[in-house]
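Let me begin by presenting the structure, written as structure tokens, before commenting on it.
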Amino acid sequence: MNTGENSATATSGPPDLPQKSDWRFILIAIVSGLGGLLFGYDTGVVAGVVLFLHNVFHFGASMKGLFVAIALAAAAFGAAFAGALSDAFGRRSVLMVTAILFAAGAMLAAIAWSVPILFLGRVMVGAAIGVSSMITPLYLSEITAAHWRGAIVTINQFYITVGIFVSYIADYLLSGTTNGWRWMLGLGIIPGVILLISMTILPESPRWLAGRDLITRAEAGLRFLRNKLDVSVELSVLRRDVVEGTRLAAPWSLLFKHKMRRPLIVGIGLAIFQQVTGINVVIYFAPSIFRAAGLSSTSASILATVGIGAVNVIMTAVAMRLLDSSGRRRLLLWGLWGMLVSLVIIGVGFMVQLHGALAYIIVIMVAVFVAFFAIGLGPIFWLLISEIFPLAIRGRAMSIATVANWVSNMVISGIFLNLLLAIGRGPTFLLYAGMTALAILFTLWIVPETKGRTLEEIENNLDLADN
2 MNTGENSATA TSGPPDLPQK SDWRFILIAI VSGLGGLLFG YDTGVVAGVV
52 LFLHNVFHFG ASMKGLFVAI ALAAAAFGAA FAGALSDAFG RRSVLMVTAI
102 LFAAGAMLAA IAWSVPILFL GRVMVGAAIG VSSMITPLYL SEITAAHWRG
152 AIVTINQFYI TVGIFVSYIA DYLLSGTTNG WRWMLGLGII PGVILLISMT
202 ILPESPRWLA GRDLITRAEA GLRFLRNKLD VSVELSVLRR DVVEGTRLAA
252 PWSLLFKHKM RRPLIVGIGL AIFQQVTGIN VVIYFAPSIF RAAGLSSTSA
302 SILATVGIGA VNVIMTAVAM RLLDSSGRRR LLLWGLWGML VSLVIIGVGF
352 MVQLHGALAY IIVIMVAVFV AFFAIGLGPI FWLLISEIFP LAIRGRAMSI
402 ATVANWVSNM VISGIFLNLL LAIGRGPTFL LYAGMTALAI LFTLWIVPET
452 KGRTLEEIEN NLDLADN
């Protein structure tokens, strides 16, 4: 999610906007929030759903893992092709289809009468998640005025965590109802429909239209978005940027040049470490982890998971305030050290089999782990990959890092329950601690500090360091 570049763009002084344009800003903010909310809700809701699949479909550990992983595989596939689809058919058109996929997939999974239908629904939702993760920030950055761009894309990032939190609340409220798991999945229909309706009001990206030489439509879109008749200056800048972007367009072979080695190692490395340190194991399986820690009932374990979701939202908001003041690399290291300590305590806690009140130490440490992830590796990975790649290859390089992230997510989440059976709870979390220790060494070795630097300065500094 391209927050870093957009935030950098938003640093110039904002010109005065007509007051009448406020509702357009609100509409764009709604689209941003809904895109993030759907992403977060449909990834987080499985935490409650998996608790019921054994009774309904007789799922064991392998099938539960597959239920989670199949959506992530579809997300990786969707992310891989999202850029090409949006370039061919337009950002708005692809997002409208994505909204339909979200709603249709949620409905199909909710009414599933067999395992294939359940999995088909999750594949549809997963593909929508993958496409949305790439195209929503891109569309928002292209339709939003420069001085609002950073705020709008940040809203999208923040609402991903809000979506996860809302999914946990839904899991808790519906866990005691008949067919509660169906309602958990089905609630994803609502924001999908609202997103579709919102997208019918907004225009296609003027930048995309200008790139297709559809200047009249691009001008009409800018007039709507800016609420003024004369958009000639912005349209002129837009056309110039499109020409410049075409001039700078680079072949895929540039990815294999020597100057791309360090940025690719950083981007793909952080993509993998973000997942192999175990964050989405917690997001997807927190209630199961808490039941293993000693919380006796399903509702109690899901309620504790709601608390985890709240911590995630709060600390993500804190991270947004700290990223520019504390620096990316320093905050990343703080977060990783906090994750390492909490994972070691969780692993040891499971190995010594804490009971009674002491078992809550594990619950608290899971919350601490999520808090440190939310201020470090969580947002900083997405920010850094938007900053470290050269402009000519940035989109394609970010796609590679994003797909690496989704594939790692799929593998780690898919094998988690079987890993618990194979080596035990304590060793599993100590394994994640070991991965976190490697992430610290990786950061110290190669991750650059990008705070306060222009994108051109970052590119030049990476070239010098690599040489």
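In the numbering used here, the protein residues as written are 2 to 468.
Backbone N, C-alpha and C fix where the C-beta goes; we use that ideal spot for every residue, glycine too.
Please read all numbers here as calculations on a predicted model, not as lab measurements.
Item, Value
"Limits of the alpha helix (DSSP H) - the one that Gln275 falls within", "262-277"
"Supposed close pair Ala434, Leu359 - CB separation, criterion 8 Å", "Actually they are not in contact, since the Cβ atoms of Ala434 and Leu359 sit about 20 Å apart, beyond 8 Å."
"8 Å Cβ shell around Gln20 - same chain, five flanking residues per side excluded", "At Gln20 the pLDDT is 42, less than 50, meaning the model places this residue with poor confidence and gives no usable figure here."
"Minimum C-alpha distance to Gln276 - residue among Ala83, Ser414, Ser94", "Ser414"
"Alpha-carbon spacing of Val447 relative to Val267, whole angstroms", "Here the sequence assigns Ile to residue 447, which means Val is not the residue at that position. Using only the alpha carbons, I get a separation of about 7 Å."
"Entirely enclosed alpha helix (DSSP H) segments - the stretch 104-160, minimum 4 residues", "116-144"
"Buried or exposed by the 16-neighbour rule on C-beta atoms within 10 Å, applied to Thr470", "Here the chain has residues from 2 to 468 only, and residue 470 is not among them."
"N-terminal and C-terminal residue of the alpha helix (DSSP H) that Arg331 is part of", "329-352"
"CA-to-CA distance, Ala70 to Gly106, given in whole angstroms", "16 Å"
"C-alpha distance - Val367 paired with Leu196, whole-angstrom precision", "33 Å"
"Interface flag, Val282 vs chain C, CB-CB below 8 Å", "You won't find chain C in this structure, because it holds only one protein chain."
"Buried versus exposed call for Pro449 [16 or more other C-beta atoms within 10 Å across all chains shown]", "buried"
"Assigned secondary structure, Asp214 (DSSP; H/G/I helix, E/B strand, else coil)", "coil"
"CA nearest to the CA of Gly377, picked from Ser254, Val47, Ala318", "Ala318"
"Identity of the residue in Ala81, Met125, Phe166 nearest Gly193 by Cα", "Met125"
"Ser22 to Glu143 span [Cα, whole Å]", "Because Ser22 carries a pLDDT of 48, less than 50, the predicted location of this residue cannot be relied on, and no value is offered for it."
"Short Cβ contact (8 Å threshold) for Gly348 with Phe430", "yes"
"Gly377, DSSP secondary structure in three states", "coil"
"Buried versus exposed, by CB contacts within 10 Å (16 or more), Phe374", "buried"
"Ala83 vs Leu102 beta-carbon contact at 8 Å", "no"
"Residue closest to Val203, alpha-carbon to alpha-carbon, out of Leu28, Ile416, Glu388", "The residue asked about is misnamed: residue 203 is Leu in this sequence, not Val. With distances taken between Cα atoms, Leu203 lies closest to Leu28."
"Inter-residue Cα distance where the pair is Ala494 and Ile190", "Outside the displayed span of the chain (2 to 468) sits residue 494, for which this structure offers no information."
"Whole-angstrom distance between Leu432 and Ile389, CA atom to CA atom", "29 Å"
"DSSP state of Pro428 mapped onto helix, strand, coil", "helix"
"Within the stretch 60-99, ranges of the alpha helix (DSSP H) (whole runs, at least 4 residues)", "62-90"
"Rounded separation between Arg397 and Pro380 - CA only", "20 Å"
"Identity of the residue in Leu35, Ala48, Leu39 nearest Val282 by Cα", "Ala48"
"Backbone CA spacing between Ala30 and Leu384 [nearest angstrom]", "20 Å"
"Among Gly187, Leu271, Arg395, nearest to Arg329 - alpha-carbon criterion", "Leu271"
"8 Å Cβ shell around Lys65 - same chain, five flanking residues per side excluded", "Val51, Leu54, His55, Leu418"
"Proximity below 8 Å, CB of Leu337 to CB of Thr444", "yes"
"Phe53 (DSSP reduced to helix, strand or coil)", "coil"
"Whether Pro288 touches Ile303 by CB criterion (8 Å)", "yes"
"DSSP three-state assignment for Asp231, whether helix, strand or coil", "coil"
"Close Cβ partners of Gly181 (< 6 Å) along its chain, the five nearest in sequence each way excluded", "Leu175"
"Coil, strand or helix - Asn180 by DSSP", "coil"
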